[in-house]
Amino acid sequence: LSSKNDARIKLQLPPEATILLTVARLSSSERYKGHREVIQLLPQLIKTNPNILYHIVGDGDDRLPLAQEVSRLHLENAVHFSGRLSPQALELAYTACDAFVMPSTGEGFGIVYLEALVRGRPVLAGNVDGSVDPLLDGKLGLLADPHNPEELLEKLKCLLYENPFPDPGYLKQQALAHFGPEKLQLRTDILIHSYLFPQTNKPENS
Numbered sequence: 199l200s201s202k203n204d205a206r207i208k209l210q211l212p213p214e215a216t217i218l219l220t221v222a223r224l225s226s227s228e229r230y231k232g233h234r235e236v237i238q239l240l241p242q243l244i245k246t247n248p249n250i251l252y253h254i255v256g257d258g259d260d261r262l263p264l265a266q267e268v269s270r271l272h273l274e275n276a277v278h279f280s281g282r283l284s285p286q287a288l289e290l291a292y293t294a295c296d297a298f299v300m301p302s303t304g305e306g307f308g309i310v311y312l313e314a315l316v317r318g319r320p321v322l323a324g325n326v327d328g329s330v331d332p333l334l335d336g337k338l339g340l341l342a343d344p345h346n347p348e349e350l351l352e353k354l355k356c357l358l359y360e361n362p363f364p365d366p367g368y369l370k371q372q373a374l375a376h377f378g379p380e381k382l383q384l385r386t387d388i389l390i391h392s393y394l395f396p397q398t399n400k401p402e403n404s
């Protein structure tokens with residue numbers, strides 16, 4: 199397994215940076231992922247930490263407009279687009295980051311949050327969609343209203359500087375305990391049983 203510094207060297211990311219990571223498709227039909235909201239807050243984050251780097255993994259037709267927004271805000275040195283990554287390189291991206299952020303407003307669930315949690319990375323997500331479920335309503339990560347820039351900035355600063363989830367092992371353990379293979383198998387068994395034997399799940403006299 200690569201260390202954080204080794205992962206950054208392999209991905210050509212600055213070793214001294216404070217890295218925020220988002221992994222998502224860059225599709226014009228999925229702008230709810232929250233990339234723009236994070237980009238627009240970077241100038242304020244840079245005021246307190248000039249080494250902030252926003253690492254965006256993913257590709258699609260919205261990449262160019264996002265890059266243009268980065269250029270408009272003169273943030274070329276603060277945002278790194280990696281495009282699509284191989285599974286091995288994606289593992290390095292999670293290892294290299296300090297926190298995972300995706301303040302989405304349209305997630306049904308959000309597997310990427312679990313991918314970050316099982317690697318012990320603190321997470322910030324939106325509080326208006328299915329993102330709250332993998333974070334157990336805020337027990338495993340910070341939640342913020344993506345439509346409220348002040349709140350989002352406050353939670354980003356908290357994630358980076360107050361370290362509300364200091365134990366990576368706890369995040370991994372809780373993510374696996376609630377959403378790991380054994381839990382998934384149990385839930386699948388229950389669903390199959392309720393489908394095959396619906397009468398056994400009905401209360402008496404129903």
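Going by our numbering, the first residue of the sequence shown is number 199, and it counts up by one from there.
Glycine is no exception: its CB is placed at the ideal position from the N, C-alpha and C atoms.
How would you write the range of the alpha helix (DSSP H) that residue i sits in, first residue to last?
i, result
"S184", "This structure gives no information on residue 184, because the portion of the chain shown stretches from 199 to 404."
"N346", "Note, N346: premise wrong, no alpha helix (DSSP H); not H, not E."
"V236", "233 to 246"
"P285", "285 to 294"
"N203", "202 to 209"
"V310", "309 to 315"
"Y368", "366 to 377"
Tell me, please, which residues DSSP counts as bridged to residue i.
i, result
"H253", "L219, H278"
"A323", "M300, L341"
Is the Cβ-Cβ distance between residue i and residue j less than 8 Å?
i, j, result
"T216", "L251", "yes"
"L344", "L322", "The sequence given here has Pro at residue 344, not Leu. Their beta carbons are not under 8 Å apart, which means P344 does not touch L322 by this criterion."
"D257", "L224", "yes"
"L369", "L334", "no"
"V316", "A373", "yes"
"F279", "A297", "no"
"V236", "V310", "no"
"L239", "L340", "no"
"C356", "P362", "yes"
Under 8 Å by Cβ, that's how I've got residue i and residue j pegged, so tell me the actual separation to the nearest angstrom.
i, j, result
"V255", "L219", "7 Å"
"L332", "L312", "It should be pointed out that residue 332 corresponds to Pro in this sequence rather than to Leu. Yes, they are in contact, since the Cβ atoms of P332 and L312 sit about 5 Å apart, within 8 Å."
"H253", "L290", "Not really, about 11 Å apart at Cβ, beyond 8 Å."
Go ahead and label residue i buried or exposed: buried means 16 or more other beta carbons lie within 10 angstroms of its beta carbon, across all protein chains shown.
i, result
"L262", "exposed"
"K353", "buried"
"F395", "exposed"
"N442", "Residue coverage of the chain in this structure runs from 199 to 404, which leaves residue 442 outside it and unanswerable."
"D387", "Interpretation of D387 is limited by its pLDDT of 48, a score under 50 that renders its predicted location unreliable; no figure is taken from the coordinates."
"H233", "buried"
"K245", "exposed"
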